[in-house]
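Under full-length UniProt numbering, the first residue of the sequence shown carries the number 1, and numbering increases by one thereafter.
All residues carry an ideal CB built from backbone N, CA and C; glycine is no exception.
Note that the structure is a prediction, hence the values are computed from the model and not measured.
One structure below.
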Amino acid sequence: MGDNKLIDSSRLKDHAYWEKVQQKSCSQSFSFLFDRYWETLYSTAFSYLKDREKSEEITHDIFLNLWQKRETLTIQSFSAYLRAAARYHVYKELKKRKASNIVYTDELTETEEVMTNQGEDRLIYQDAERYVDSSLQSLPARCQEIYFMSRKENLTNDEIANKLGISKRTVENQLTAALRHIRIQLKVISMLLLWWLIL
């Protein structure tokens with residue numbers, strides 16, 4: 001009984017914060033939800049992919065999309081929605097890899113139907129993605145180059161290392177730096193968007 005009360009209280013708190021995000025574009029509420037669920041989303045993605053950089057990338061994408069679609073999303077359970085979003089992105093990644101040796105669980109395949117509306121706001125999402133890409137210009141040129149080769153050209157770390165004549169470890173370190181930078185940008189993007197709306 002006590003555990004159920006705690007769960008209900010947590011859901012109510014999430015719902016209250018999400019209402020502020022939807023109705024007032026409240027950046028503080030968004031930051032609270034970001035901090036609360038970042039590790040959960042990352043862990044969900046990593047449990048399937050076993051790829052740190054890709055798992056961080058998926059987590060970034062989910063929060064960007066969540067902010068951009070805040071006015072149109074109807075979410076009954078915030079934690080359940082985010083888990084479904086993580087599984088959906090994982091499912092897409094596994095399909096892209098065409099990894100025949102990976103067993104897709106019912107949980108993943110069912111998620112594909114739940115999250116079919118992910119592509120509806122592609123133009124809005126691309127605007128946010130361009131903002132993040134623009135912010136990457138403050139990073140060293142090599143770091144930018146490696147990030148875009150990974151993100152835009154879908155090259156593996158080994159392929160990037162071979163193409164640039166550097167070690168795989170260097171590629172991993174540069175991608176980590178880029179993803180850390182993006183994570184910081186996600187913390188401030190909601191505030192920037194709020195100011196743009198006011199102006």
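| query | result |
| --- | --- |
| Evaluate the contact criterion for the stretch 76 to 87 versus the stretch 46 to 66: three or more CB pairs, one atom per stretch, below 8 Å. | yes |
| Using the beta-carbon count (16 or more within 10 Å), is I58 buried or exposed? | buried |
| Between which two residues does the alpha helix (DSSP H) containing E145 stretch? | 141 to 151 |
| Restricting to Cα atoms, I'd like to know which of E159, R151, A178 is closest to residue 223. | Beyond the ends of the chain as shown, which are 1 and 199, falls residue 223; an answer cannot be given. |
| For D14, count the other beta carbons within 10 Å of its own beta carbon; 16 or more makes it buried, fewer makes it exposed. Which is it? | buried |
| Taking the alpha-carbon of R183 as reference, which of N173, F34, K50, E159 has the nearest alpha-carbon? | F34 |
| To which residues of the same chain is Y42 closer than 6 Å at the C-beta, ignoring the five residues directly before and after it? | S55, T59 |
| Given this structure, state the Cα-to-Cα distance separating D51 from L164, to the nearest angstrom. | 21 Å |
| By DSSP, does S25 sit in helix, in strand, or in coil? | coil |
| Checking 8 Å against the spacing of the C-beta atoms, do V21 and L49 come in under that value? | no |
| Can the beta-carbon of A86 be found closer than 8 Å to that of T44? | yes |
| For F32 versus W67, is the C-beta spacing smaller than 8 Å? | no |
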